[in-house]
Amino acid sequence: MTGARPILVVDDDRILRQTLVEQLQLEGEFTVQEAASLAEAREKLKAPDSRFDALLLDVSLPDGDGRDFCAELRKDGLRMPIIMLTGSDDEADIVRGLDAGANDYVAKPFRIAELLARLRAQMRLFENSEDAVFSIGPYTFRPSAKLLQEPLKNRRIRLTEKETAILKFLYRAGTRPVPRQVLLNEVWGYNAAVTTHTLETHIYRLRQKIEPDPANATLLITEGGGYRLNPEVAAVPAH
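Per full-length UniProt numbering, the sequence shown starts with residue 1, numbered consecutively.
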């Protein structure tokens, strides 16, 4: 399994949180952090190097309303999928949650399999939306626009479809190297005519675009029979 997706679960029901953590992490698809209150959720979201690909957010929390918190996050510019969890399936409640910026609304008690399917669906939609923006070293990465932007140098780098797909998959893998064959299958599909040489050619061209010194790659690293992104690469100030 390649990189697990980081999820934040915000709910004051300890047993439900534990169940969600166990189920979400079962297949290695997700890693989960928990928060029992809005204050704790704020702390985790604002932590240095904090990254969450989605939030599961309870409506009723001890220190406030999850829908107000959702609206606050949207106002602050956070665009990742947010799925509201609620004890009520009243239409007015659902509408209020969606109006606050939630992507979906799941009434308790819910089936874990259904919640997982909704979560995956929202994450797929987000990754292909105009809103999806990821940080890779000194760059902001906009997959839908096939674009890397380097704000400090006021530079824009156009990417091909395959280069975009490679970066997207490596970003999802976090700091774990992705074997060449896995990356090849993911980007090109199971096509017998495509070899690892094709992948290596694309990696070479991608490094020419994004590395300050392509011969000594520091951002897109070769490791363990594959490739990974190095999140520690800092922005280089413009001269």
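Beta carbons: idealized from backbone N, C-alpha and C, even for Gly.
DSSP, reduced to helix, strand and coil, places glycine 226 within a strand of the structure shown.
In the same chain as threonine 164, and ignoring 5 residues on each side of it, the C-beta atoms closer than 7 Å to its own belong to Pro143 and Lys146, in chain order.
Per DSSP, aspartate 58 is one residue of the beta strand (DSSP E) stretching across 54-58.
Residue pairing by DSSP places tyrosine 190 in no beta bridge whatsoever.
Approximately 5 Å separates the beta-carbon atoms of isoleucine 82 and leucine 55; this is inside 8 Å, confirming the contact.
In the three-state DSSP reduction, glycine 28 falls in the coil class, being neither helix nor strand. For glutamate 211, the secondary structure class from DSSP, reduced to helix, strand or coil, is coil. Pairing glycine 66 with asparagine 191, the inter-Cα distance amounts to about 46 Å. Counted as a single uninterrupted DSSP element, the beta strand (DSSP E) harbouring valine 9 occupies residues 5-10. Alanine 102 and alanine 215 have their alpha carbons spaced roughly 45 Å apart.
Residue range 112-127 is occupied by the alpha helix (DSSP H) that includes arginine 118. By the 16-neighbour rule on beta-carbons within 10 angstroms, isoleucine 203 is buried.
For valine 106, the enclosing beta strand (DSSP E) covers residues 104-107. Close CB contacts of alanine 35 within its chain, under the 6 Å cut and outside five residues either way in sequence, are with Val10, Ala41 and Lys44 (chain order).
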